[in-house]
Amino acid sequence: MKRFLIGAVSALSLMSAAAVAQEYPAKEIQGIIQWGAGGSTDTVMRAVTPHAEDILDGTIVLQNMTGGVGAIALNHVATEDADGYKILMGAENPLLYKVMGFGDKDYSDFTPINILARGTPILVAGTDAPFDDYAGMIAYIKEHPGEVRLGSTGPGGVPSVVTAMIETVEGDLDVISVPYDGDGPALTALQGGAIDVMPAVLGAAIESVRAGKIKALAVVDVQENEYLPGVAPVTATNEGFATYLPWGPFFGVFVKKGTPDDVVKKLEGAFAVAATNPDFTDLMETRGFTLMSISGDEAEAFLTKWQQGTTWLLQDAGMTKSSPEEFGISRPGE
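The sequence shown begins at -4 in my numbering and counts up one residue at a time.
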């Protein structure tokens, strides 16, 4: 009788677990966005989430959780249960945390649900900035050391990586670095004249460029971008950038590793379908984002390649606290 009861309890437990997975989501899902409102990550996630909710037949409550170049949000989700009810909506920054000294967790502690899209970096300046293109900016910085105010989003953010590229190619820049908690606040500061220039994601800055609130100096790529006709790529001024380009930030949805496979598959399916919704694809196209919508092994391979290239760029620029080698991150091509 005792063995029978134990067996019955075990069977009921398995049936209950299976039912929970099938019923997912049985309650609200919390979507934790790494960056502040108005930035590129926030824009992408708020655009795709309603369509994923429709597929899931559930509710995803979005919350912006800023600080620590996104580390506070990542660590918050990493400490929660691996049940799919708290998902991380993030960008590329966690892949740099270890080498930048922000902590011992990164996306290796998570399962990628969907790498939705990637962006193209551009250089933007205030309308009153005394330069109108990349060559003019470099010349002005050299002629006016310690004068230009350069916006950033902290070590590991898009501005810091682009700045590392520029300094690797051009030499050290004598500028004043002004940090902001996300590209949304930084772009607002640029429009208000608090800073003079900053690297940003095309998708986050393009509407302000079109409205004439800021001006585009260059596309950080090897060719012109169709959404910024007439704005030259940085390689037109210095071919040394070709070594590091194309490069760009990305935006993805993640769950803590250990989340049940059935839940992972359900989330993967929901966001894959959501990423095909015309409202979302039209927004991505309008904002200049490149749609990716990859998951599983393909997403893992993308994350590995991105981490290798970027961490070693920062290492060679002297911007890391630890060598990528310490964490088993090999140089690209090795």
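Glycine included, C-beta positions come from ideal geometry on N, C-alpha and C.
- Message: Quick check: the Cα distance between Ser317 and Pro154, rounded to an integer number of angstroms?
- Response: Counted from its first residue, the sequence shown places residue 317 at position 322. Counted from its first residue, the sequence shown places residue 154 at position 159. So the two alpha carbons sit approximately 20 angstroms from each other.
- Item | Beta-carbon spacing of Phe88, Gly152 below 8 angstroms | Your numbering for residue 88 matches position 93 in the sequence shown. Your numbering for residue 152 matches position 157 in the sequence shown. Here the sequence assigns Asn to residue 88, which means Phe is not the residue at that position. Yes. Within cutoff.
- Give the C-beta separation of Phe284 and Gly114 to the nearest angstrom, bearing in mind that I take them to be a contact with Cβ-Cβ under 8 angstroms. Against the sequence shown, residue 284 aligns to sequence position 289. Against the sequence shown, residue 114 aligns to sequence position 119. Right, their Cβ atoms sit about 5 angstroms apart.
- In this structure, does DSSP put Arg144 in helix, strand or coil? Along the sequence shown, read from residue 1 onward, the residue named residue 144 stands at position 149. Note: Arg144 maps to strand in three-state DSSP.
- Drop a sphere of 10 angstroms on the beta-carbon of Thr254, count the other beta-carbons inside from all chains shown, and report buried for 16 or more, exposed for fewer. Counting from one through the sequence shown, the residue named residue 254 turns up at place 259. With 16 or more Cβ atoms within 10 Å of its Cβ, Thr254 is classed as buried.
- Collapsed DSSP secondary structure at Met132 in the structure displayed: Residue numbering aside, residue 132 sits at position 137 when the sequence shown is read from its first letter. Note: Met132 maps to helix in three-state DSSP.
- Query: Just curious, the alpha helix (DSSP H) that Val36 is in, first and last residue?
  - Reply: Here residue 36 corresponds to residue number 41 of the sequence shown, with the count starting at 1. Position check: residue 36 holds Thr in this sequence, whereas Val was assumed. Counting along the chain, the alpha helix (DSSP H) containing Thr36 begins and ends at Ser35 to Leu51.
- Task: Mind checking which residues open and close the alpha helix (DSSP H) that includes Asn70?
- Result: For the purposes of this step, residue 70 is identified with residue 75 of the sequence shown, where counting begins at 1. Asn70 -> alpha helix (DSSP H) spans Ala66 to Ala73.
- Message: I need the DSSP call for Glu97, collapsed to helix, strand or coil.
- Response: As a position in the sequence shown, residue 97 is number 102, starting the count at 1. Here residue 97 is Phe; the residue named in the question, Glu, does not match the sequence. Reduced to three states, the DSSP call for Phe97 is coil.
- Query: How far does the alpha helix (DSSP H) with Leu278 in it reach, from first residue to last?
  - Reply: Taking the sequence shown and counting its residues from 1, the one referred to as residue 278 is at position 283. Residues Pro273 to Arg282.
- Message: Tell me whether Asn70, by its Cβ, gets closer than 7 angstroms to a heavy atom of the ligand SAM.
- Response: This structure lacks the ligand SAM; in fact it carries no ligand of any kind.
- Can the beta-carbon of Thr19 be found less than 8 angstroms from the beta-carbon of Val204? Locating residue 19 in the sequence shown gives position 24, where the first residue counts as 1. Locating residue 204 in the sequence shown gives position 209, where the first residue counts as 1. Thr is not the amino acid found at residue 19; the sequence shown has Tyr there. Not in contact: Tyr19 and Val204 (Cβ atoms no closer than 8 angstroms).
- Message: Can you find the residues in the same chain that come closer than 7 angstroms, C-beta to C-beta, to Pro327, ignoring five residues on each side of it along the sequence?
- Response: For the purposes of this step, residue 327 is taken as the residue at position 332 of the sequence shown. Answer for Pro327: Gln303, Gly304 and Trp307, listed in chain order.
- What separation, rounded to the nearest whole angstrom, lies between the Cα atoms of Leu197 and Ala42? What you label residue 197 is simply residue 202 of the sequence shown in a count that begins at 1. What you label residue 42 is simply residue 47 of the sequence shown in a count that begins at 1. Roughly 16 angstroms separates the two Cα atoms.
- Task: Output the residue ranges of the beta strand (DSSP E) runs that lie fully inside the stretch 150 to 221 and measure 3 residues or longer, sorted by chain position.
- Result: 171 to 174, 192 to 196 and 209 to 214
- Within 10 angstroms of its Cβ, does Gln58 collect 16 or more other Cβ (buried), or is it exposed? Residue 58 sits at position 63 when you count from the first residue of the sequence shown. The residue is exposed, with fewer than 16 neighbouring Cβ atoms inside 10 Å.
- Query: Are Gly26 and Thr44 close, meaning C-beta to C-beta below 8 angstroms?
  - Reply: By 1-based counting over the sequence shown, the position of residue 26 is 31. By 1-based counting over the sequence shown, the position of residue 44 is 49. Yes, the Cβ-Cβ distance between Gly26 and Thr44 is below 8 angstroms.
- For the alpha helix (DSSP H) holding Gln29, just list the boundary residues, first then last. Here the question's residue 29 lines up with position 34 in the sequence shown. Unbroken run through Gln29: none, as it is neither H nor E.
- Which residue or residues does DSSP assign as beta-bridge partners of Pro228? The residue given as residue 228 occupies position 233 in the sequence shown. According to DSSP, Pro228 bridges with Val214.
- How long is the line joining the alpha carbons of Asp216 and Lys22, rounded to whole angstroms? On the sequence shown, position 221 is the one that residue 216 refers to. On the sequence shown, position 27 is the one that residue 22 refers to. Roughly 43 angstroms between the two C-alpha positions.
- Message: I need the straight-line Cα distance from Tyr135 to Ala267, nearest angstrom please.
- Response: The residue you call residue 135 lines up with position 140 of the sequence shown. The residue you call residue 267 lines up with position 272 of the sequence shown. Those two C-alpha atoms are separated by around 46 angstroms.
- What are the boundary residues of the alpha helix (DSSP H) that includes Leu262? Reading the sequence shown from its first residue, position 267 is the one you call residue 262. Taken as a continuous stretch (DSSP letters only), the alpha helix (DSSP H) holding Leu262 covers Asp256 to Ala269.
- Task: Please report how far the alpha carbon of Gln218 lies from the alpha carbon of Thr230, in whole angstroms.
- Result: Mapped onto the sequence shown, residue 218 falls at position 223. Mapped onto the sequence shown, residue 230 falls at position 235. If I take the Cα positions, the gap works out to 8 angstroms.
- Residues near Thr106 in its chain [Cβ-Cβ closer than 8 angstroms; skip 5 each side]: The residue given as residue 106 occupies position 111 in the sequence shown. Hits under 8 angstroms: Phe249, Val250, Lys251, Lys252, Thr254 and Val259.
- Query: Leu90 by DSSP, collapsed to three states: which one?
  - Reply: What you label residue 90 is simply residue 95 of the sequence shown in a count that begins at 1. Leu90: helix per DSSP, three-state reduction.
- Item | At least three beta-carbon pairs within less than 8 angstroms, the stretch 126 to 142 to the stretch 180 to 189 | no
- Whether Thr122 touches Ile209 by CB criterion (8 angstroms): Mapped onto the sequence shown, residue 122 falls at position 127. Mapped onto the sequence shown, residue 209 falls at position 214. Yes, these two residues count as a Cβ contact at 8 angstroms.
- What's the call for Val56, buried or exposed, on a 16-neighbour Cβ count within 10 Å? Against the sequence shown, residue 56 aligns to sequence position 61. Val56 comes out exposed.
- For Asp104, which residues from the same chain have a beta carbon less than 6 angstroms from its beta carbon, with the 5 sequence-adjacent residues on both sides left out? Within the sequence shown, numbered from 1, the residue matching residue 104 stands at position 109. Answer for Asp104: Ala73 and Lys252, listed in chain order.
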